[in-house]
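A short worksheet on the structure shown next.
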Amino acid sequence: MSEYNIKDLKISLILVSFVLSTFILAGSFGILMRTDQANLLSLDPTFFYTILTFHGLLNVVIFFLAPFFIARALLTRYVYVNQKITIISLILIVFGAFGTMFSLLAGNMALGWYFLYPIIFYDSTEEFRIIWDLSILSLGFGILLLALDNIRSIVKKYGFTKSLAWHYFKGNISEELPPIALISMVSSIATIFAAFAGAMVIIEFLGKDLLSNTPVFSAIYSVCTVVSNAMFGKIDPAGPDPLAMKNMTFMFGHTLANVSMFFMMAAVYEVMPYYSSRQWKTSKLVAIAWNLALIYVLLAMFHHLYMDFVQPLALQITGQIFSYVSPVPALLVTIFGALSQVYAHRATNQSFHMLPMYILTGIACWMIGGIAAIIDATVPANFLFHNTTWVDAHFHTYFGFGVSIMTIAMTWFILEKNFNRNSQHKIWLYAFIVLSIGWILHLSSFYLGGLLSIPRRFVSYIALPGNLPTIGSDLALISIIGGIAIGIAYLAIYITLMKNIFRIFKKG
Ligand code: HEM
Ligand SMILES: [Cu+2]
Numbered sequence: 336m337s338e339y340n341i342k343d344l345k346i347s348l349i350l351v352s353f354v355l356s357t358f359i360l361a362g363s364f365g366i367l368m369r370t371d372q373a374n375l376l377s378l379d380p381t382f383f384y385t386i387l388t389f390h391g392l393l394n395v396v397i398f399f400l401a402p403f404f405i406a407r408a409l410l411t412r413y414v415y416v417n418q419k420i421t422i423i424s425l426i427l428i429v430f431g432a433f434g435t436m437f438s439l440l441a442g443n444m445a446l447g448w449y450f451l452y453p454i455i456f457y458d459s460t461e462e463f464r465i466i467w468d469l470s471i472l473s474l475g476f477g478i479l480l481l482a483l484d485n486i487r488s489i490v491k492k493y494g495f496t497k498s499l500a501w502h503y504f505k506g507n508i509s510e511e512l513p514p515i516a517l518i519s520m521v522s523s524i525a526t527i528f529a530a531f532a533g534a535m536v537i538i539e540f541l542g543k544d545l546l547s548n549t550p551v552f553s554a555i556y557s558v559c560t561v562v563s564n565a566m567f568g569k570i571d572p573a574g575p576d577p578l579a580m581k582n583m584t585f586m587f588g589h590t591l592a593n594v595s596m597f598f599m600m601a602a603v604y605e606v607m608p609y610y611s612s613r614q615w616k617t618s619k620l621v622a623i624a625w626n627l628a629l630i631y632v633l634l635a636m637f638h639h640l641y642m643d644f645v646q647p648l649a650l651q652i653t654g655q656i657f658s659y660v661s662p663v664p665a666l667l668v669t670i671f672g673a674l675s676q677v678y679a680h681r682a683t684n685q686s687f688h689m690l691p692m693y694i695l696t697g698i699a700c701w702m703i704g705g706i707a708a709i710i711d712a713t714v715p716a717n718f719l720f721h722n723t724t725w726v727d728a729h730f731h732t733y734f735g736f737g738v739s740i741m742t743i744a745m746t747w748f749i750l751e752k753n754f755n756r757n758s759q760h761k762i763w764l765y766a767f768i769v770l771s772i773g774w775i776l777h778l779s780s781f782y783l784g785g786l787l788s789i790p791r792r793f794v795s796y797i798a799l800p801g802n803l804p805t806i807g808s809d810l811a812l813i814s815i816i817g818g819i820a821i822g823i824a825y826l827a828i829y830i831t832l833m834k835n836i837f838r839i840f841k842k843g
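Just so we're aligned, residue 336 is where the sequence shown starts under our numbering, counting upward by one.
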């Protein structure tokens, strides 16, 4: 019998089915963009930027949602989460995601995944802009509800300070806190910050369009504008300050992108022991590392603003320092923890299982992508790598490959250990090999592009100087071969997982 609440697991499977299906479209757009950059196709630039926006925004959202829902379902082993809230949130989120897809594609919106102000007002018509704003708000509201309920349910059982494992600092481990609770706490708190920052930006977008119509909205808008401007040193009620908006946008974007991996790690600490037969407990080091991770996520965002010279130097320095000191502990502690899980497995001579390989690959992606990110967050290197495909390389490593392969692993875990689906098919090994080769090709094209100064987000490389156009299109070709391999392996995995999920729901 499952140790988790079966209904919560089922809800997470519904969400995961939505995620895995959406990725087919969003991923195909990725390959289509590379086909254009390789000069095999010549897409209309607006269309290119529309699918770039669709690809980036939807992938970021779905691969945040998958770990978020999975970790919440696995949390039910220890605490009671409110199922009604999960269902309401799921509806808000799916509704919001479809609204986002619709407005982007039907409205040819091309604002980029982190929608920097004021681009949205140049590239879209009012109706689609409003649908987009409302859809993102709906998504954000669903996410906020879940994050709040995660915190409520954990704090109810353990109390606030113990939920953050502060008692471990003093060496007091009489009251055990499972790592999944600690990491979910940290991630949910960060998610709330992200949701608020994102909501402020979107409300200001809405306010600009609807300002003249409703006095209530006008008041909300003015308050948000004053607060957001004041937070970043300007008091100008006349309208949003673009740089203040950029700060908030990155409070949202940087946080969301990092927290996705955090929620996934919450699930990893929980799931690995089923395969190693060794417990993975919170220790003083684990407690310190994940508390630092919270500080990191909130203060390192300034590494996205190195180029904004008018900001106080202190912010750049903050970004630099916290990019170095605080993410590293969580990464290291997790890697050592994972290695000791592997050791325990080897030492007790248990039989090989493919599923932990998927998880370990995901952790490796976190490490490699993380190191690439820290390099980019170093000021002198940032002068070189800023807005080159190095950026695409680092987040496709930890997020694109890492979180997606672990999403597959977690879904497989839920099916195998909780619904007794025998999913030990041969496909897992072959799919793993083809998928990894595909990602390595695709990622290399981005890393090499970064080293050779190929800019990111270019429809075509033709106008670049020297031999960069040829290098750029050759790298895009390599990436297409990788993309096709990813596609083949992914479809095989997708069909296997979806078949099993359907059977569970058919049986009721
Ligand atoms: C088949 C797999 C994938 C392929 C072929 C692919 C390809 C691409 C390409 C070509 C770009 C534009 C690069 C540029 O010129 O700057 C891009 C951007 C991006 N991709 Fe992917 N990608 C894939 C999977 C993913 C996944 C799983 C994620 C999950 C987070 C993701 C997130 C993003 C983001 C956030 C952007 C940036 C969008 C922007 O700049 O506004 N991609 N991808
Ligand atoms: Cu960042």
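Using N, Cα and C, we set each Cβ at its ideal position, and we do this for glycine too.
Because the structure is a prediction, the values reported are computed rather than measured.
Bridge partners - residue 453, DSSP secondary structure assignment: If you number the sequence shown from 1, residue 453 lands on position 118. Paired residues: none, contrary to the question.
task: With a threshold of 7 angstroms, establish whether the CB of residue 484 neighbours any heavy atom of ligand 1.
output: Position 149 of the sequence shown, counting from 1, holds the residue named residue 484. Flag unset: Cβ of residue 484 not near ligand 1.
- prompt: What is the rounded straight-line gap between the Cα of residue 550 and the Cα of residue 597?
  reply: Along the sequence shown, read from residue 1 onward, the residue named residue 550 stands at position 215. Along the sequence shown, read from residue 1 onward, the residue named residue 597 stands at position 262. Whole-angstrom Cα-Cα distance: 41 angstroms.
- prompt: Taking the Cβ atom as the reference point for each residue, do residue 738 and residue 599 lie within a distance shorter than 8 angstroms?
  reply: As a first step, residue 738 must be located in the sequence shown, where it is residue number 403. As a first step, residue 599 must be located in the sequence shown, where it is residue number 264. In this structure, residue 599 lies closer than 8 angstroms to residue 738 by Cβ.
field: Span of the alpha helix (DSSP H) around residue 735
entry: On the sequence shown, position 400 is the one that residue 735 refers to. Where residue 735 is concerned, there is no enclosing alpha helix (DSSP H), given that its DSSP letter is neither H nor E.
- prompt: Who are the Cβ neighbours of residue 692 in its own chain at under 8 angstroms, not counting the five residues just before and after it?
  reply: If you number the sequence shown from 1, residue 692 lands on position 357. These residues qualify, in order along the chain: 767.
field: From 695, 714, 785, 729, residue whose alpha carbon lies closest to that of residue 742
entry: Stepping through the sequence shown from its first residue, residue 742 is reached at position 407. Ranking the options by Cα distance to residue 742, first place goes to 695.
Nearest to residue 831 (by Cα), restricted to the options 448, 352, 337: Here the question's residue 831 lines up with position 496 in the sequence shown. Nearest of 448, 352, 337 to residue 831, Cα basis: 352.
message: With a threshold of 7 angstroms (Cβ to nearest heavy atom), would residue 387 be considered close to ligand 1?
response: Your numbering for residue 387 matches position 52 in the sequence shown. At least one heavy atom of ligand 1 is nearer than 7 angstroms to the Cβ of residue 387, so yes.
query: Helix, strand or coil: which one does DSSP assign to residue 402?
result: For the purposes of this step, residue 402 is taken as the residue at position 67 of the sequence shown. If DSSP states are grouped into helix, strand and coil, residue 402 belongs with the helices.
- request: Counting only the same chain and skipping the five closest in sequence on each side, list residues whose C-beta sits under 6 angstroms from that of residue 710.
  value: Position 375 of the sequence shown, counting from 1, holds the residue named residue 710. Taken in chain order, the residues that qualify are 716.
query: Which residues bound the alpha helix (DSSP H) around residue 584?
result: For this step, residue 584 is matched to residue 249 along the sequence shown. Where residue 584 is concerned, the enclosing alpha helix (DSSP H) stretches over 577 to 611.
query: So what does DSSP say about residue 723, is it helix, strand or coil?
result: Residue numbering aside, residue 723 sits at position 388 when the sequence shown is read from its first letter. Of the three classes helix, strand and coil, the one that applies to residue 723 here is strand, per DSSP.
message: Does the distance between the C-beta of residue 638 and the nearest non-hydrogen atom of ligand 2 fall short of 7 angstroms?
response: To locate residue 638, count along the sequence shown from 1; it is residue 303. Yes, Cβ of residue 638 sits closer than 7 angstroms to a heavy atom of ligand 2.
- prompt: Hey, is residue 721 close to ligand 2, as in C-beta under 7 angstroms from one of its heavy atoms?
  reply: Within the sequence shown, the letter at position 386 stands for residue 721. Residue 721: no, Cβ never under 7 angstroms from ligand 2.
query: Using DSSP with H/G/I as helix, E/B as strand and the rest coil, what is residue 804?
result: For the purposes of this step, residue 804 is taken as residue 469 along the sequence shown, with counting starting at 1. Note: residue 804 maps to helix in three-state DSSP.
- prompt: Quick one: what's residue 790 bridged to in DSSP?
  reply: Locating residue 790 in the sequence shown gives position 455, where the first residue counts as 1. Partner(s): 723.
message: If contact is defined by three or more beta carbon pairs under 8 angstroms, each pair taking one atom from either stretch, is the region 453 to 467 in contact with the region 501 to 509?
response: no
query: Between residue 460 and ligand 1, is the CB less than 7 angstroms from at least one heavy atom?
result: For the purposes of this step, residue 460 is taken as residue 125 along the sequence shown, with counting starting at 1. No, the beta carbon of residue 460 sits no closer than 7 angstroms to any heavy atom of ligand 1.
field: Check whether residue 357 and residue 409 have beta carbons under 8 angstroms apart
entry: Locating residue 357 in the sequence shown gives position 22, counting from the first residue. Locating residue 409 in the sequence shown gives position 74, counting from the first residue. Taking 8 angstroms as the Cβ cut-off, residue 357 and residue 409 do not qualify as a contacting pair.
Alpha-carbon to alpha-carbon, residue 620 and residue 447: Walking along the sequence shown from the start, residue 447 turns up at place 112. Walking along the sequence shown from the start, residue 620 turns up at place 285. Approximately 39 angstroms between the Cα atoms of the pair.
Element boundaries [alpha helix (DSSP H), containing residue 680]: By one-based count along the sequence shown, residue 680 stands at place 345. Counting along the chain, the alpha helix (DSSP H) containing residue 680 begins and ends at 662 to 682.
query: Would you call residue 801 buried or exposed, if buried means 16 or more other Cβ atoms sit within 10 Å of its Cβ?
result: As a working mapping, residue 801 is identified with position 466 in the sequence shown. Exposed.
Near ligand 1: residue 395 beta-carbon under 7 angstroms from a heavy atom: Taking the sequence shown and counting its residues from 1, the one referred to as residue 395 is at position 60. Because some heavy atom of ligand 1 lies under 7 angstroms away, the Cβ of residue 395 counts as near it: yes.
message: Using C-beta distances below 7 angstroms, list every residue in its chain close to residue 455, excluding the 5 sequence neighbours before and after it, in chain order.
response: Along the sequence shown, one-based indexing puts residue 455 at 120. Taken in chain order, the residues that qualify are 446, 464, 540.
message: Mapping the DSSP letters down to three states, classify residue 505 as helix, strand or coil.
response: Taking the first residue of the sequence shown as 1, we reach residue 505 at position 170. Correct three-state label for residue 505: coil.
task: Look at the alpha carbon of residue 384 and the alpha carbon of residue 399, and state the distance between them as a whole number of angstroms.
output: Taking the first residue of the sequence shown as position 1, residue 384 is located at position 49. Taking the first residue of the sequence shown as position 1, residue 399 is located at position 64. Their backbone Cα atoms lie some 22 angstroms apart in a straight line.
task: Within its chain, find whatever has a CB closer than 6 angstroms to the CB of residue 361; leave out the 5 residues flanking it on each side and keep chain order.
output: For the purposes of this step, residue 361 is taken as the residue at position 26 of the sequence shown. Result list for residue 361: 390, 393, 394, in chain order.
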